[in-house]
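These notes concern the structure reproduced below.
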Amino acid sequence: MKIATWNVNSLKVRLPHVLDWLAAQQPDVLCLQELKCDNAAFPAAELASAGWHAAVNGQKTYNGVALLSRQRAEDVQADLPGMSDDPQKRLIAATFGGVRIISAYFPNGQALDSDKFAYKMDWLKALEDWLRAELARHPRLVLAGDFNIAPTDADAHESWPPGTIHVSAPERAAFARLLDLGLQDAFRLFAQPEKSWSWWDYRMGAFRRNIGLRIDHLLVSDALRPSCTACTIDRPPRALERPSDHAPVVLELA
DNA sequence: ATGGCGGCTCGCAGCCGA
Numbered sequence: 047m048k049i050a051t052w053n054v055n056s057l058k059v060r061l062p063h064v065l066d067w068l069a070a071q072q073p074d075v076l077c078l079q080e081l082k083c084d085n086a087a088f089p090a091a092e093l094a095s096a097g098w099h100a101a102v103n104g105q106k107t108y109n110g111v112a113l114l115s116r117q118r119a120e121d122v123q124a125d126l127p128g129m130s131d132d133p134q135k136r137l138i139a140a141t142f143g144g145v146r147i148i149s150a151y152f153p154n155g156q157a158l159d160s161d162k163f164a165y166k167m168d169w170l171k172a173l174e175d176w177l178r179a180e181l182a183r184h185p186r187l188v189l190a191g192d193f194n195i196a197p198t199d200a201d202a203h204e205s206w207p208p209g210t211i212h213v214s215a216p217e218r219a220a221f222a223r224l225l226d227l228g229l230q231d232a233f234r235l236f237a238q239p240e241k242s243w244s245w246w247d248y249r250m251g252a253f254r255r256n257i258g259l260r261i262d263h264l265l266v267s268d269a270l271r272p273s274c275t276a277c278t279i280d281r282p283p284r285a286l287e288r289p290s291d292h293a294p295v296v297l298e299l300a
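The first sequence stops at residue 300 when you use my numbering, and every number in between is there.
See below:
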């Protein structure tokens with residue numbers, strides 16, 4: 047089983063890249079984030095023509111997540127139960143072949159003294175609380191998405207200011223609490239090149255200079271860990287014309 | 001590295017992302 051995650055930064059703009067990537071990579075499930083379109087504007091027909099089902103939790107302008115798959119999604123859930131008043135569309139979960147797969151777009155947080163950072167930490171707490179129950183219901187589980195957290199110093203270019211957004215101690219502690227629920231960072235189950243990033247700023251030639259962060263992750267439950275055979279960051283899409291600023295991350299399960 | 005890019009919007013400037 048092949049599961050991937052990709053923050054596309056506007057599905058409308060990136061649809062040609064996504065269709066090409068799906069055709070070439072043939073994943074079982076692709077978790078998308080930052081659709082920036084509502085459910086009515088979601089390009090379901092174009093995807094269906096290529097043979098892909100979609101479970102969508104869309105939002106205009108910001109956020110928006112989806113699960114694309116060859117098999118139809120089962121037991122679809124949108125949003126975090128603990129954030130029922132939150133209008134931001136950041137999570138969708140469904141079951142595929144007995145594996146629970148979550149596509150999540152974690153809040154950015156902007157800066158540690160921002161209201162958006164408080165929201166990020168609240169969201170992380172709600173995720174942790176829900177995930178504990180979700181893991182009990184679904185031992186075979188993958189939490190995939192744009193976490194907006196670089197979990198260790200090896201996951202951020204040295205130029206990223208220590209202690210700031212994406213690398214701060216409270217964010218990393220929240221990430222560690224997710225692992226404590228019985229999850230593994232699939233990327234780190236395998237030997238990887240140094241300076242492996244999943245996001246590069248559009249500005250200042252960051253991709254060409256390989257200045258970035260590893261903030262897109264696939265966390266696998268303990269029950270799935272023995273099945274993991276590979277996890278890689280697929281850089282070439284970041285080099286396309288008019289790319290997303292994120293690259294896909296791909297997990298292979300035996 | 002703090003801006004520079006690129007997406008969005010009852011748009012033509014400002015917000016947001018990371």
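Virtual Cβ for every residue (Gly too), placed ideally from N, Cα, C.
Could you check which residue in the options has the C-alpha nearest to that of residue i?
i	options	result
V145	D132, P185, A237 and L225	P185
A90	L158, A69, A220 and A112	A112
A202	D132, Y248 and D262	D262
D66	L299, E298 and P289	P289
L3	A172, V102, D131 and E240	No statement about residue 3 is possible, as the shown extent of the chain runs from 47 to 300 and does not include it.
R218	G97, R260 and D268	R260
L78	E92, N53 and I49	N53
I279	K166, G191 and E174	G191
D121	G128, I138 and P133	I138
L187	A69, M167 and L299	L299
A252	I211, E204, R234 and S267	E204
P208	N256, A157 and W176	A157
W169	P197, N103, V266 and P127	P127
N55	Y151, M129, S267 and S130	Y151
T275	F236, W206 and V75	F236
If you reduce the DSSP assignment to three classes, tell me which class residue i lands in.
i	result
D74	coil
N85	helix
L114	strand
H212	coil
W169	helix
D199	helix
K58	helix
W67	helix
W176	helix
E298	strand
A293	coil
A237	coil
D226	helix
For residue i and residue j, I'd like the C-alpha separation in whole angstroms.
i	j	result
A86	Q71	27 Å
R118	H292	26 Å
A31	I148	Residue 31 lies beyond the residue range present for the chain, which begins at 47 and ends at 300; the question has no answer from this structure.
P294	K135	20 Å
D84	V59	14 Å
S214	G143	37 Å
E309	D175	Given a span of 47 to 300 for the chain in the structure shown, any question on residue 309 remains unanswerable.
K106	P197	29 Å
I49	H99	14 Å
R254	A182	43 Å
L114	N194	22 Å
M129	A164	14 Å
A220	A94	37 Å
Going by DSSP, what residue range makes up the beta strand (DSSP E) through residue i?
i	result
S149	V145 to Y151
I279	C274 to I279
D121	E120 to A124
L229	L229 to D231
How far does the alpha helix (DSSP H) with residue i in it extend, from its first residue to its last?
i	result
L98	In the sequence under discussion, the amino acid at residue 98 is Trp, which differs from the Leu named in the question. Segment: none, W98 is in no alpha helix (DSSP H) and carries neither H nor E.
F142	Premise fails: F142 lies in the beta strand (DSSP E), L137 to F142, not in any alpha helix (DSSP H).
Exposed or buried, residue i, counting other C-beta atoms within 10 Å across all chains shown (16 or more means buried)?
i	result
R108	Reading off the sequence, residue 108 comes out as Tyr, not Arg. It counts as exposed.
V64	buried
D125	buried
P73	buried
E180	buried
T51	buried
E80	buried
Taking 7 Å as the cut-off, is the beta-carbon of residue i closer than that to any non-hydrogen atom of the ligand MG?
i	result
T278	With respect to small molecules bound, the structure shown includes none, and the ligand MG cannot be examined in it.
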